[in-house]
Amino acid sequence: MKALIVDDLPLDAELTQRALHRCDSAYEVTVVSDGEAALTTLRETCDFDLILLDLALPKVDGFEVLKELSSKPFLSDVPIIVLSSSRKGSDQVRTRMLGACGFVEKALDFAVFHADLATTLERNGLRA
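Once you know that position 12 of the sequence shown is 12 in UniProt numbering, the rest is easy, because the numbers rise by one and skip nothing.
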């Protein structure tokens with residue numbers, strides 16, 4: 001299975017990759033650091049099984065990435081889980097309306113972040 005992690009902060013991307021591999025080591029991970037690179041990568045190869053998307057991105061933010069992906073029939077069925085430090089309920093609602101299947105708050109405690117990601121993956125049938 002292939003996962004795309006979109007996060008502009010290298011440490012956050014690394015922690016997300018670690019948490020994902022603890023949930024399911026079968027994921028082959030690609031990391032990009034902005035929304036523009038995510039869209040380019042997805043246009044070039046649309047064979048990802050999962051996208052883990054930060055909202056606060058340079059160039060093209062996560063909301064715009066969600067809008068673009070939901071408008072492309074060949075990408076609209078790829079599950080997207082938003083990872084964000086945002087605590088706004090309106091951001092969670094907006095991401096769901098734009099097609100995200102889950103929202104995981106970036107926690108300072110890795111164990112909490114991992115548990116939330118694991119729960120979200122399981123709820124969406126994305127664990128082996």
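Built from N, CA and C at the ideal position, the CB exists for glycine as well. Note that the structure is predicted; figures quoted are calculated from it, not measured.
- Annotated three-state conformation of S76 is coil, per DSSP.
- Boundaries of the beta strand (DSSP E) harbouring D54: 50-54, taken from the DSSP string.
- Bridge partners of L83 according to DSSP: D54, V104.
- Rounded to whole angstroms, the gap between the alpha carbons of Y27 and V78 is 14 Å.
- Membership of A3 in the beta strand (DSSP E) is indicated by the continuous run 2-6.
- Around the CB of L20, 16 or more other CB atoms lie within 10 Å, so the residue is classed as buried.
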